[in-house]
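Written below as structure tokens is the structure these notes are about.
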Amino acid sequence: MVWKIDFHQDFALEFKEYEDTTRLEFMAIVELLREEWPSLGRPHVDTLQGSRHANMKELRCRGACKTWRVAFAFTPERSALLLAAGDKSRAKSNRFYRRLVTNAEKRLDEFLKEATEKEATSDESA
Numbered sequence: 071m072v073w074k075i076d077f078h079q080d081f082a083l084e085f086k087e088y089e090d091t092t093r094l095e096f097m098a099i100v101e102l103l104r105e106e107w108p109s110l111g112r113p114h115v116d117t118l119q120g121s122r123h124a125n126m127k128e129l130r131c132r133g134a135c136k137t138w139r140v141a142f143a144f145t146p147e148r149s150a151l152l153l154a155a156g157d158k159s160r161a162k163s164n165r166f167y168r169r170l171v172t173n174a175e176k177r178l179d180e181f182l183k184e185a186t187e188k189e190a191t192s193d194e195s196a
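71 is the number of the first residue of the sequence shown in our numbering; add one for each residue after it.
Below, the structure written as structure tokens:
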């Protein structure tokens, strides 16, 4: 089974600014996630600790961008939503993960709220 993967709109804009090599390596690991989830585990995917969302995960890049982490979560529609990323080598680990989790949670909350509102609107018009 091939899994659907989406970019949060804010992360999509940030992703466009990354260096070409980083983007290519990201897309390789994203493709692996698309094809191999849910059997894909460490070292590629792990639970993102410190999040209030139980389904928050981190995608770990390999190769030249091996210190990069991508926070993602599965939506109620069972697609993976890529939320935020960062280079772990540029900050202390605890600080890095606090920022990554905070940013990812904010975006996931926003996404879920919009999805709920959209569903309520479509229910009202039916």
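We put the CB at the ideal spot given by N, CA and C, even for glycine.
Model, not experiment: these values are computed from the prediction.
Considering only Asp76, Arg177, Thr92, the residue with the shortest C-alpha distance to Asp157 is Thr92. Distance from the CA of Leu152 to the CA of Arg122, rounded to the nearest whole angstrom, comes to 17 Å.
Setting aside the 5 residues that flank it on each side, Leu110 is surrounded in the same chain by Leu102, Leu103, each with a C-beta closer than 8 Å to its C-beta; the list follows chain order. Counting only runs of 4+ residues, the alpha helix (DSSP H) found wholly inside the stretch 73-150 occupies 79-86, 90-106, in chain order.
Tyr167 and Glu105 have their C-alpha atoms some 27 Å from each other. Residue state for Ala155 is assigned as strand, using DSSP reduced to three classes. Scanning Ala150, Pro113, Arg165 for the CA closest to the CA of Phe181 turns up Ala150. Close CB contacts of Asp80 within its chain, under the 7 Å cut and outside five residues either way in sequence, are with Arg177 (chain order).
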